[in-house]
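Colleague: Shown below is the structure under consideration.
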Amino acid sequence: MSAPLSAHINEQVIAVFRGPHQPDTDIATKVQQLETLLTQAAQEFKHIALASSLAAEDNVVFDVIARLNLNIRVFSLNTGRLHQQTLDVAPALQAKYGRTVEWYEPKADAVEAYVSQNGADAFYDSIALRKECCGIRKVEPLARALQGAQAWITGQRQAQAATRAALPVREFDADRGIEKFNPLADWSEADVWTYVRQFNVPVNALHFEGFPSIGCEPCTRAITVGEEIRAGRWWWEDPTSKECGLHNANLKR
Numbered sequence: 053m054s055a056p057l058s059a060h061i062n063e064q065v066i067a068v069f070r071g072p073h074q075p076d077t078d079i080a081t082k083v084q085q086l087e088t089l090l091t092q093a094a095q096e097f098k099h100i101a102l103a104s105s106l107a108a109e110d111n112v113v114f115d116v117i118a119r120l121n122l123n124i125r126v127f128s129l130n131t132g133r134l135h136q137q138t139l140d141v142a143p144a145l146q147a148k149y150g151r152t153v154e155w156y157e158p159k160a161d162a163v164e165a166y167v168s169q170n171g172a173d174a175f176y177d178s179i180a181l182r183k184e185c186c187g188i189r190k191v192e193p194l195a196r197a198l199q200g201a202q203a204w205i206t207g208q209r210q211a212q213a214a215t216r217a218a219l220p221v222r223e224f225d226a227d228r229g230i231e232k233f234n235p236l237a238d239w240s241e242a243d244v245w246t247y248v249r250q251f252n253v254p255v256n257a258l259h260f261e262g263f264p265s266i267g268c269e270p271c272t273r274a275i276t277v278g279e280e281i282r283a284g285r286w287w288w289e290d291p292t293s294k295e296c297g298l299h300n301a302n303l304k305r
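Written as C-alpha cells, this is what we have:
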C-alpha cells in the first residue's frame, strides 16, 4: 500500500499540473539563501559538481552557478533514451551562459548486453530489470562523473515525491562517500517557476506539455491534474519506491 503524502505535499501537488503557469511567489529570501549556500559550497569543496537532469530545478541551480561564476562543474547523463527536447536544453544553456554541461554516457557493451539478453524495453517487465537498466544507463555513468569529487549537488525537492518528503538541504552520501547538497529542498513548484521567469532561465519544452518530471522517454509520461509531481516516472511502479539508484538514501529515510 502506498504511504500517504503529507498535507504539505498534497497542497503543492494540487497545483503542480499548472507547471510553468504557476503564480508568482516571493522568492527573494530563498534566492539569497541559494546563492549563499552554493557560494559557500564552492568555497568549502574544491571538487564539487552539479548533476543536472536539465529539468527546470537543475537549470535554476545552473543559473546561479553561471551568474556568480562559481567553480562548480556541471554534468548530465545521456542515457541514450532521452527525449530530443531534453537534449535541446544543453545548447540553449550554452547560448545564454557561454557554458554548458559535460555529458556522460553508459558503456556501450553493457547496454548491448542488456538489450541482447532482455530486450530494449525489458524495464516494463519487472522492477529488477528496470533497476538494472537504470544501473547501466544512469548509476554507473554517475559514478564516473563523480570520480574525484568531494561533493555533489542535485535539484531534488521535498514536494516532488513521497520518497523525498524528508529531503535535507545537506547530507552525507554514504553510497559514494562524499557530501551532497539539495539546495532547492524546500522550494515549491511555484518558487521554481517564479525564478525561471525572473531570471529568464532556459527550460525543457516538455514542461509546457504536462511533464513536471522528465527522465528517459519510454519511462516518462505527462501527468494529469491532482497527480504527484513524479507520477509520470515509472508510472507502473509503487510511488513509495520509485528511485533510479542515484538517490538511494531517499528510500531509507
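Under this note's numbering, think of the first position of the sequence shown as 53, with each following residue one higher. Note that CB positions come from ideal geometry on N, CA and C, so glycine has one too.
To the nearest angstrom, how far is it from the Cα of Ala242 to the Cα of Asp76?
Modeller: The alpha-carbon atoms of Ala242 and Asp76 are separated by roughly 6 Å.
Colleague: What separation, rounded to the nearest whole angstrom, lies between the Cα atoms of Ile79 and Glu223?
Modeller: Cα-Cα distance, rounded: 24 Å.
Colleague: Assign Phe127 to one of two classes, buried (16 or more other C-beta atoms within 10 Å of its C-beta) or exposed (fewer than that).
Modeller: Buried.
Colleague: At 4 residues or longer, and completely inside the stretch 110-145: list those alpha helix (DSSP H) runs for me, N to C.
Modeller: As far as the stretch 110-145 is concerned, its whole alpha helix (DSSP H) runs of at least 4 residues are 136-139.
Colleague: For the 8 Å Cβ check, are there 3 or more pairs between the stretch 160-169 and the stretch 183-195?
Modeller: A contact exists between the stretch 160-169 and the stretch 183-195.
Colleague: In three-state terms, what does DSSP make of Val172?
Modeller: Just to set this straight, residue 172 is Ala in the shown sequence, not Val. Of the three classes helix, strand and coil, the one that applies to Ala172 here is coil, per DSSP.
Colleague: Out of Thr152, Glu87, Val83, Leu120, which one is the CA nearest neighbour of Leu106?
Modeller: Checked all of Thr152, Glu87, Val83, Leu120; the closest Cα to Leu106 is Thr152.
Colleague: Have a look at the DSSP bridge pairing and note the partners of Ala103.
Modeller: Ala103 pairs with Phe127.
Colleague: Curious, which full-length beta strand (DSSP E) runs of at least 3 residues does the stretch 192-264 contain?
Modeller: Runs found: 203-205, 222-225, 230-233.
Colleague: If we ignore side chains and look at the alpha-carbon of each, how far apart do Thr206 and Asp290 end up?
Modeller: Answer to the nearest angstrom: the Cα atoms are 23 Å apart.
Colleague: Note down the Cα distance separating Trp288 from Gln95, rounded to an integer number of angstroms.
Modeller: Rounded to whole angstroms, Trp288 to Gln95 spans 42 Å at the Cα level.
Colleague: How is the beta strand (DSSP E) around Glu154 delimited, first residue to last?
Modeller: 154-156 is the extent of the beta strand (DSSP E) around Glu154.
Colleague: Looking at the secondary structure, which residues open and close the alpha helix (DSSP H) in which Ala94 lies?
Modeller: It spans 80-96 - the alpha helix (DSSP H) in which Ala94 sits, taken as one unbroken run.
Colleague: Where does Phe233 land, buried or exposed, given buried means 16+ other C-beta within 10 angstroms?
Modeller: Phe233 should be labelled buried.
Colleague: What do you get for Asn111, buried or exposed, if any count of 16 or more other CB atoms within 10 angstroms of its CB means buried?
Modeller: Classification of Asn111: buried, given that the 10 Å Cβ count is 16 or more.
Colleague: Within 10 angstroms of the Cβ of Ser54, are there 16 or more other Cβ atoms? Answer buried if so, exposed if not.
Modeller: Caution is warranted here: a pLDDT of 27 is assigned to Ser54, below 50, making its placement in the model unreliable, and the coordinate value is therefore given only provisionally. Exposed: under 16 other Cβ atoms inside 10 Å.
Colleague: How would you write the range of the alpha helix (DSSP H) that Glu184 sits in, first residue to last?
Modeller: Here the alpha helix (DSSP H) through Glu184 covers 179-186.
Colleague: Would you say the stretch 135-148 touches the stretch 249-264, given that touching needs at least three Cβ pairs under 8 Å?
Modeller: Flag = yes, the stretch 135-148 and the stretch 249-264 touch.
Colleague: Using DSSP's beta-bridge definition, name the partner residues of Arg285.
Modeller: Answer is Thr272.
Colleague: Using 10 angstroms around the beta-carbon of Gly284, count the other beta-carbons present and answer buried if the total reaches 16, otherwise exposed.
Modeller: It counts as buried.
Colleague: Does at least one heavy atom of the ligand ZN sit under 7 Å from the Cβ of Arg125?
Modeller: As far as ligands go, the structure on display features none, and thus does not contain the ligand ZN.
Colleague: My assumption, with CB atoms under 8 Å, is that Ile230 sits in contact with Ala203. Please give the rounded CB distance.
Modeller: About 5 Å separates the two Cβ atoms, so the contact holds.
Colleague: Please report how far the alpha carbon of Gln92 lies from the alpha carbon of Asp173, in whole angstroms.
Modeller: So the alpha carbons of these two residues sit roughly 43 Å apart.
Colleague: Can you find the residues in the same chain that come closer than 7 Å, C-beta to C-beta, to Ala274, ignoring five residues on each side of it along the sequence?
Modeller: Glu261, Gly262, Phe263, Gly284, listed in sequence order.
Colleague: Buried or exposed, going by whether 16 or more other CB atoms sit within 10 Å of the CB of Val244?
Modeller: So Val244 counts as buried.
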